[in-house]
Structure formats: structure tokens, C-alpha cells
Amino acid sequence: MSKIDTRLNVSPVPPDEIFALNGAYAVDPHPQKVSLGVGVYRTDDGKPWPLPVVQKAEKELVVDDDLFRHEYTAIEGDVPFLGIARDLMFGFEGKQGEEGAKARIGSVQTVAGTGANHLGALFLAHHMKPATVWLSNPSWANHQTIWELAGVPRKTYPYYHAATRSFDFEGMMSSLESEAQEGDVVLLHACAHNPTGLDPNKEQWVAIADLCERKKLFPFFDSAYQGFASGSVEEDAWAVRYFFNNKPDMEMCVAQSFSKNFGLYGQRVGAFHYCTNRASTTIRDIVVNNLCHLIRGEFSMGPRVGCSIVKKVLTSDELTADWHQDLQVMSSRIKTMRKALYSELVRLRTPGTWEHIIQQNGMFSYTGLSPKQVYALKDKYHIYLLKSGRASISGLSQKNVAYVAQAIDDVIRNEN
Ligand code: LMR
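Numbering (numbering that gives the first Met the number 0), first residue to last: 0 to 415.
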């Protein structure tokens, strides 16, 4: 496209695929339309689900009538919230005597997971100057944008083996082994890899940690689904905790989002944790102080309401137990819908193999549908998913799963 007439040096950039699709779905009047695009939880009626525990916490917050609830926080954010967020991520909840481990972690509040990824990228670009950041191929498209804006050159490591629809562990390891250089950043999805739904197993995580340590790479974890993927906050934090506890000489960081696991999408609740390699509150405080410098120049401080809700829940044993139940509701409904879609495709004898739908983990299925088949699903059936074939399983329900399976069956047979 040609430049527009302005004093600016701008030309159009492609719209964000996920949110463009969401917009197109919203204005589609077709009665049977199905949204499998953006990664948000939906009930079996296709409705958003404000978590019951969040509703309880909101009521309690109103009753508390906290005079300070609309005031500024510190630049690093709500300090008690940050301790709670860190403890959830690294597994310190309710434990005594973790002071040494805690002294290794500098935490700040961010504008949800995107903000945590962005702040982390900017911080490393300023203070570590990595030659390259390695992203999985494929990855969440926004990772490319975030690191491009931070001015760090991007390369990709193989992640997905299309023929077997499985995690390409050998490809990832051999590419990083031969090409990554000391000081490079490796972006890792803590669990529920977006978009493939394929995670390394524990043995593979151990090998990835060893490789990062040996080659002096810097692991950057994106944790957007803790508790949402498996229903267990421990299980979904396993990789982060393994790296942190077993490789204390290796620095690393974590971008933590509360959008999915608390259903607080629009509240923008998140944290960024930088882990140093020694238990020094002096170093930790300098890290936080430099993060605060970036935060102050960009947005002064993270928003308050969402993190008050998370804080309310995680400081009450009763509400925490309720939250764990809500996580079970979400993760098990998604697993049920995976099975339902798989069974329908098998029943229809849809050409191909479909086990990957039940083997993948978390919000998404990387279906293996081609862009042509994806377009046909939208044009003929008003079913919306990403052109990579990524489908947000939560958009499926008992009511629409047969319709979606039949539509997939049609495009598989007729759109090659
Ligand atoms: C997604 O991948 O659909 C979600 O994580 C929403 C987003 O911000 O892209």
C-alpha cells in the first residue's frame, strides 16, 4: 500500500489477526456462528464466565469500603499482591524459611501478560542487550511484535512437527544447540503452549534447562495459563519451578498473567519476575529499581482493581479453595469438549487422524486444518478460527460441537 498523506512516516500495518477475527465474529448475524478465535473461556452456553470466586471477592471488596481503593500504588505496583503472585508462581505459598529464594526474585506489577512480556523484553534490551531472542515456531504472534518493538533481533527454533502433529523436541534442541549463542534469550511457554497446545514433558524440560545452563542462554518464561491448563497450579508451574530451584546459577525471568486463570481478561492483571543468581536483596532491589524506571516512563504503575481481587482471593484459605474449584470447572470443560469434538470426527469417519485434539493441552487445539479449510469454515459455516488452524476449544459447546465437526468433515473432504 502507498504512504498516506501525513507528516508521519507511517504505512498501514496488518491488523492483529486474533482481535480482527473477534470483531468480525461480533458483527456476524448468522445464528449458528461459532467463535474459536480469541483465547477466552466460555460456558457451555457460549457466555463469558465471571468466576464465582471473583464475584465473591468483589462483594467483599465493596463491603471493605477501603478508602484507598482508587489511590495510586507504588511504581512497582501493589506490593502485597506482588508477594502473593510470586509465591503462587514459585511455590512459596504457606511455606516458611524461603527467604533466601525470595531474595533472588525482583517482582513488579504489569499490564497483564502482554505488559509483562513487553516490560521484560524492554528491560533485557536495555540491560542485557541480547544479540537474539529465540521464539518457538510457531508462537503467539504477539511475541514477534513485542520483541520487534524492543528492538531485539528475532529467530525461531522448530517446535511443531506437522507430519506427526507433535512437539519437535529434537528439532528444538538441535537448533538451539548449534545456533544459539551465549547471552541469547530463549522464550519458553510455561505450560499450554500457544498455539500448539503441545508442551515438553518433564524429562524434556530437564534437558532444556541443562541446555540453557550449558550454553549460557537466558530463559524467559511466558506463564499465561497457571492452573487453567491442568486444573493444578503446581503442575502448570512445574517447569518454572524446576528451572528456578535446580539451576540457581542461571538467571531467568517470568511474565505472569492472571487473565485466564482468574477470568480477569479486561482488568489487565500481571507481574514480571526477574530471578537473579544469588540471594542478594541489594541486587534484587537494583533490578526492581531499574524496572520501576521503565514503568514510570511508560505507565507509572499497573492498574489496581484486578490485583485487589486476586489478592483478596489468595489471602483467604476459603476463597483460594473456591478458586481451585473454579479452575477445575474451566479445565475439565475444555477437556470434555476436546473429547466431544474428537468423538464426533471419529463417528463421521472424517479422513485423517484426530487424536492430537485430545492429546493437546490448555486453551487451544492446533487442528492441522489448512488456511483454505479455515477460510471455508468461516465462509460456509460462520466458524471462526485462526488461519494457522488454531482453535480455541472453549468456543465449543454441547450444542455446537456436532455442527462444528460436520463442518470440519466437509472442508476436509472438499477443500484440499
Ligand atoms: C489469544 O492468544 O487468543 C489470547 O492470548 C488473547 C491475546 O491476547 O492474544
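For each residue, glycine too, the CB sits at the ideal point set by N, CA and C.
Note down, in chain order, each residue of its chain lying with its Cβ closer than 6 Å to the Cβ of residue i, except the 5 sequence neighbours on either side.
i, result
"residue 20", "36, 383"
"residue 231", "none"
"residue 249", "212"
"residue 124", "149, 150, 151"
"residue 364", "196, 356, 390, 392"
"residue 282", "275"
"residue 486", "The first residue shown for the chain is 0 and the last is 415, placing residue 486 beyond what the model contains."
"residue 203", "168"
"residue 27", "381"
"residue 154", "131, 133"
"residue 327", "230"
Consider the C-beta atom of residue i and the heavy atoms of the ligand LMR; say whether any pair is separated by less than 7 Å.
i, result
"residue 139", "yes"
"residue 392", "no"
"residue 17", "yes"
"residue 113", "yes"
"residue 193", "yes"
"residue 119", "no"
"residue 388", "no"
"residue 38", "yes"
Only counting the same chain, and skipping five residues up and downstream in sequence, which positions put a Cβ closer than 7 Å to that of residue i?
i, result
"residue 246", "208, 212"
"residue 414", "371, 372, 375"
"residue 325", "50, 51, 52"
"residue 240", "89, 90"
"residue 499", "Outside the displayed span of the chain (0 to 415) sits residue 499, for which this structure offers no information."
"residue 99", "278"
Grab me the residues of residue i's own chain with a C-beta within less than 8 Å of its C-beta, minus the 5 sequence neighbours each way, in chain order.
i, result
"residue 286", "105, 273, 275"
"residue 29", "381"
"residue 430", "This structure does not reach residue 430, given that the chain is present from 0 up to 415, and the question cannot be answered."
"residue 446", "Outside the displayed range of the chain (0 to 415) lies residue 446, so it cannot be described from this structure."
"residue 229", "190, 235, 330, 360"
"residue 311", "56, 59, 60, 318"
How about residue i and residue j: are their beta carbons less than 8 Å apart?
i, j, result
"residue 362", "residue 38", "yes"
"residue 226", "residue 260", "yes"
"residue 238", "residue 189", "yes"
"residue 385", "residue 17", "yes"
"residue 406", "residue 343", "no"
"residue 351", "residue 411", "yes"
"residue 267", "residue 114", "yes"
"residue 156", "residue 177", "no"
"residue 182", "residue 120", "no"
"residue 145", "residue 116", "yes"
"residue 127", "residue 217", "yes"
"residue 402", "residue 143", "no"
"residue 55", "residue 321", "yes"
"residue 172", "residue 158", "no"
"residue 280", "residue 102", "yes"
"residue 313", "residue 87", "yes"
"residue 290", "residue 122", "yes"
"residue 81", "residue 270", "yes"
For the ligand HEM, is there a heavy atom less than 7 Å away from the beta-carbon of residue i?
i, result
"residue 33", "Absence of the ligand HEM from the depicted structure is noted, with the ligand LMR being the only ligands included."
Exercise. If we count Cβ pairs, one from each stretch, closer than 8 Å, do we get three or more for the stretch 369-380 versus the stretch 2-14?
Worked result: no
Exercise. Does the stretch 302-311 come within contact of the stretch 64-80, defined as at least 3 CB pairs closer than 8 Å?
Worked result: yes
Exercise. Any chance the stretch 222-230 sits against the stretch 249-266, with 3 or more Cβ pairs inside 8 Å?
Worked result: Verdict: yes, contact present.
Problem set entry | 3-residue-minimum beta strand (DSSP E) runs that sit fully inside the stretch 229-266, ordered along the chain | 251-256
For this session: Examine the Cβ distances between the stretch 128-147 and the stretch 317-324 and report whether three or more of them are shorter than 8 Å.
Result: no
For this session: Flag this pair as touching only if the stretch 329-336 and the stretch 194-207 have three or more C-beta atom pairs under 8 Å; answer yes or no.
Result: no
Problem set entry | Length at least 4, wholly inside the stretch 334-398: the alpha helix (DSSP H) runs in chain order | 354-358, 370-380
Exercise. Whole beta strand (DSSP E) runs in the stretch 78-147 with 3 or more residues, listed along the chain?
Worked result: Counting only runs of at least 3 residues, the stretch 78-147 fully encloses the following beta strand (DSSP E) elements, listed from N- to C-terminal order: 104-110, 132-136.
For this session: At 4 residues or longer, and completely inside the stretch 141-217: list those alpha helix (DSSP H) runs for me, N to C.
Result: 168-178, 201-214
Exercise. Which whole runs of the beta strand (DSSP E) in the stretch 262-308 are 3 residues long or more, in chain order?
Worked result: Fully enclosed beta strand (DSSP E) runs of no fewer than 3 residues occupy 268-274 of the stretch 262-308, in order along the chain.
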